[in-house]
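Its first residue numbered 90, the sequence shown is counted upward by one per residue in the numbering used here. Beta carbons are placed, not taken as given, at the ideal position from N, Cα and C, and that holds for glycine. In what follows, a single structure is set out as structure tokens and then discussed.
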Amino acid sequence: MEVKTSLLDNMIGVGDMVLLEPLSEDSFIENLRKRFDHNEIYTYIGSVVISMNPYRSLPIFTPEKVEEYRNRNFYELSPHIYALADEAYRSLRDQDKDQCILITGESGAGKTEASKLVMSYVAAVCGKGQEVNKVKEQLLQSNPVLEAFGNAKTVRNDNSSRFGKYMDIEFDFKGDPLGGVISNYLLEKSRVVKQPRGERNFHIFYQLLSGASDDTLKKLKLDRDYSKYNYLSLDSAVVNGLDDAANFRTVKNAMQIVGFMEDEVQSVLELVAAVLKLGDIEFKPESRCNGSDESRIKDKNDLKEMCELLGIEQSVLERAFSYRTVEARLEKVSTTLNVAQAYYARDALAKNLYSRLFSWLVTRINESIKAQTKARHKVMGVLDIYGFEIFEDRDNSFEQFIINYCNEKLQQIFIELTLREEQEEYVREGIEWTNIEYFNNAIICDLIENHQNGILAMLDEECLRPGTVTDETFLDKLNTICAEHQHFESRLSKNSKFLTDHSLPHNCFRIQHYAGKVLYRVEGFVDKNNDLLYRDLSQAMYKANHSLIKQLFPEGNPGKVNLKRPPTAGFQFRASVGTLMKNLQTKNPNYIRCIKPNDKKASHIFTDSLVCHQVRYLGLMENVRVRRAGYAFRQAYEPCLERYKMLCKRTWPHWRGPAREGVEVLMADLPVPAEEFSFGRSKIFIRNPRTLFFLEERRRQCLQDLATLIQKIYRGWKCRSHFLLLKKSQIVVAAWYRRYAQEKKYQKIKSATTVVQSYTRGWQARKLLRELKYQKRCEEAVTTISAFWHGTQARMELRRLKQEARNKHAVTVIWAYWQGTKARRELRQLKEEARNRHAVSVIWAGWQGTKVRREYRKFFRANAGKKIYDFTIQRIMQKYFLGLKSTMPSMSPIDKSWPARPYRFLDGVHRELPRIFHLWRCKKYRSQFTEEKKAVYEEKLEASEIFKDKKALYPSSVSQPFKGDYLEISTNPKYQKLNSAVDEKVLLADVVNKINRANGKGTARIFLLTKKSVVLADQKTGQVKASVPLPDLASVSVSTQSDGFFALRLKEGSASAVKGDFLLSSEHLIEIITKLHRTGATAADSKQLNVDISDEFLVQFKHDKVCVKFIQGAPKNGNSVSCKRKNNRLLEVSVPTTA
């Protein structure tokens, strides 16, 4: 069966440059242009991928494309970066070969995007799972952080990487990612203090000023106006299509995902703000009495704000900017700095501060993404590094020199590995190997890196030489030693052929690299290689109180003064490149060569000269020639036979034997010379691309003939099938018609029979109906007569009963009237007698009153008023106290109600009586308490003092009594062994969960509290796991929310702190902490145990500190609290939100 897809099917141009015929630089570029115009941005050179930057989004990076290239042969589909990523990943997973992917190209060629595509493809095709997804997310989110701090807008690229990055991604035996390690090379730190026209500083400065909140900027002492900062260029501060504010939020979110703590993020932002403030410090000259010049700071406000950010004394840093101390053995010499030297010191501090901050970020990211297991890992390395650089419009300096040196080393290893791969394949397949002639750039690498006469070695020697050292003395040394080297050119050298070369200035030298000649201006070589930071500034930085500064400037420690000169920038870069080369030598290489089609960052524009320039510098033509030096094309026997079997009658349509024999028969049958191909063990090798194109042309013709044959056979089959269908249809139609006619005849006979039967049945039914109706009328007549008779009898009986009832009622009414008349008569007699008795009493009382008034009249006027007043007051007081008896409040001490006073003169009594009554009923209430109940209430009171209005769990615990021994440990036989192991009296026994830092899951433990210690024991066996004396407890930490988590913080240096603190959870949190607080005060010489209530606190687990963070989330798993490990230093506890 013919394969559906192939690299050779539906080609636009040539998909593999090895097959390009004829091969020349013009045809090479024309093929790239043709494919670029048709949105084919990827092209192969054997296993190397050429990637053209389209400067727009293309629909070729969708999840469907990922699935299309997954587990497919490299040459099976059209060229794509996914094919290379899949080939590397499958080789690593299935063949256990470590891989590396080398991505090179000019700035703006799409190297960063290519590395992202490789990582996203690997993340998409590897395994799934919670831990695996977390590792993949951390690896992917490390990119935004490094891009913010290491990328910048340049004239060639809006997001140009200004550092080299190499990431080793580690996989387990299944191919799932476990972690990674990032290495960075040569951050362009000179950009911090100065940017070329049309470019800007690193992204993080603009993101911070645009995206940070007003409160954050206020804390950092910053303003949103870019123009206030000397280190920020204003002509390109705003970039179209780049949202700095949104990117700042992305970076902060990425840092949180990677594992940065909040205090670490704040420290990083403070250092970024300090760099901006540092650039605003300006100096003014002052003359000393001895005639020497010195510098002074113009405005000390920026210096003050910077010192406040970093926690440095202002006077210390001010002196470091004004003086330089030189130490030589036992002597110290302090010299003043002039204005130029002060500005140099300021810029050197800014560059070193930012560069070391970037290195710390890489180290911190590595701590978070490193693999947790120590078993052997499979490794895939991704190298995203600057390509060969040459500037026509401005000078090439020290940075371009070492960048091009790195590319020379990469070209050297590329040629070596490519030739080695070719040779290994030829040997593996049993093909005779012939030596391939190619340009070996080892001589150029030796010119630069030779330890005795190399350019870097001479630069280091010149920097370390005493006396006056300038860029001119360095150039003189090069002219003396390298004059005879065939790849070194200088106008001042001894080589006379360059004396009249006016394209070569006097202060420059030229090196003929593998990709072409590059002119370097020596100005700045010595200073940039020295990269000196005065020791006074390092020591000033070390004195800072900032948590991060001391880590960045360890050489500033006065107790560890090192008089040795620090290694130069060139030496460090040469060492790191050597380490990188050794690392790459141990891995199987895969190459992606990135090319930008134009300098305008526009789509659909292809500039031939620019592309030709990059093709030369990338050495792509050399790559094609090395690949074509032997056999240009090779293919396994099975797909080769499957593709070309129609070219031979013996192999078409099916070959029953081995695939190799079939290919041998096929090639023997074709007019192809024997020297044009060779048979390997598993592949056929074709020497010339013309032979392959001949096979393709023959295959195309055969496919056309086969298509014609297939069409002919198909049309005949279709006509026969149509005739047979018509014949079958005629028979079916005739059969159906005869059936239809017989059915119509049968229906007519059946209808007539039905009509006759219906009439007969109707006559019989009507006759039966008449008989039934007559019988029914007779029965109804009998029933009606009987009903009338029974009704008459019933009505006669009813009338008789009604008459008897009326007679009885009449007798009852007459008797009632008679009894009423008798009663009313007797009532009138009784009322008359009562009135008579009352009249006598009234007359007697009136007479007695008259007598008394006559006798008392002479004393009344003198004493009656006072007596009446006292009597009235007495009666009112008596009435008030008697009224209190019925309106008295309850005996509950918390009842604050009291009856209202009736008169104002009772104010004093009304105030005093509630107080007396409250004291009395409190005494009565307390007299009812036992000693145990008093202790319980004291604990409740102490719990209120600790947790009221601080802990959301406290209100629900108020109504719950403190039981203490929830396990009945003294009586339960299950815990007899544990009870005997504890000497003191158990104050509290409960089951708690001990939280595991690795996964956040809990393990059941028995928690015992005695007067002297806290004991944790296994719930099943009763075995004591830990015993902590109460004096060893430093504090207890809980959150403010409704969870049961608490941490027992142990004192540093105590015997119990060896294994670290304990993170526990319990349903009786309030009671446990209260009893610990009371008991700890007694056990620790009356010094109460500190209770820390916060939603974020640190817990010491052995040697690592882990932050426990409590957040509110949606209810999950039955509204239970869940604990989850976010990274190595963060446990996140999700507490369901309460209504």
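Per DSSP, which one or two residues make a beta bridge with residue i?
i	result
Thr1099	Val1075
Arg413	Thr424
Pro760	In the DSSP output, where bridge partners are listed per residue, Pro760 has none listed.
Arg599	Glu578, Leu608
Cys215	DSSP output for Cys215 lists no bridge partner at all.
Thr797	DSSP, once it has assigned bridges, lists no residue as partnering Thr797.
Tyr131	Ser140
Lys373	Arg385
Tyr274	Gly253
Pro1050	Partner(s): none; Pro1050 has no beta bridge.
Ser767	Phe774
Ser1124	Arg1138, Asn1179
Are the beta-carbon atoms belonging to residue i and residue j less than 7 Å from one another?
i	j	result
Ser404	Thr414	no
Tyr726	Arg749	yes
Val155	Tyr178	no
Ser1145	Val1117	yes
Met469	Leu181	yes
Met395	Ala363	yes
Phe1186	Ser1154	no
Ser411	Leu426	yes
Am I right that residue i and residue j are in contact with their C-beta atoms under 8 Å? What's the rounded C-beta distance?
i	j	result
Arg809	Glu110	Actually they are not in contact, since the Cβ atoms of Arg809 and Glu110 sit about 48 Å apart, beyond 8 Å.
Asp333	Gln296	5 Å
Gln575	Asn530	Gln575 to Asn530, Cβ: 12 Å. No contact.
Ala439	Val281	5 Å
Ile170	Val137	At roughly 12 Å, the Cβ-Cβ gap does not stay under 8 Å, so Ile170 and Val137 are not in contact.
Lys310	Leu398	7 Å
Asn712	His602	With a Cβ gap of about 16 Å, Asn712 and His602 do not count as contacting.
Taking only three categories from DSSP, how would you classify residue i?
i	result
Pro1003	helix
Lys1140	coil
Leu1153	strand
Cys1212	strand
Phe447	helix
Ala1024	helix
Gly1091	strand
Arg159	coil
Met90	Only weak support is given to the placement of Met90: the predicted model assigns it a pLDDT of 32, under 50, and the question is left unresolved by the model.
Ser1175	At Ser1175, the pLDDT of 48 sits below 50, so the modelled position is not reliable; the number obtained from the coordinates is stated separately. Of the three classes helix, strand and coil, the one that applies to Ser1175 here is coil, per DSSP.
Thr773	A quick correction: the sequence has Ile, not Thr, at residue 773. Strand at Ile773.
Leu228	helix
Asn493	helix
Met980	coil
Glu573	coil
Asn634	coil
Cys737	coil
Gln188	strand
Starting from residue i, trace the alpha helix (DSSP H) in both directions and tell me its first and last residue.
i	result
Gly667	658 to 674
Cys729	726 to 733
Ala362	351 to 368
Glu561	560 to 570
Leu553	544 to 553
Leu1067	1065 to 1070
State the start and end residues of the unbroken beta strand (DSSP E) segment that holds residue i.
i	result
Asn679	677 to 684
Tyr475	Note, Tyr475: premise wrong, no beta strand (DSSP E); not H, not E.
Cys1196	1193 to 1202
Arg624	It is not in any beta strand (DSSP E) - Arg624 instead sits in the alpha helix (DSSP H) that spans 624 to 631.
Asp257	253 to 260
Lys341	Element bounds for Lys341: not the beta strand (DSSP E) but the alpha helix (DSSP H), 333 to 347.
Gln296	First-last for Gln296: 292 to 300, but that is the alpha helix (DSSP H), not the beta strand (DSSP E).
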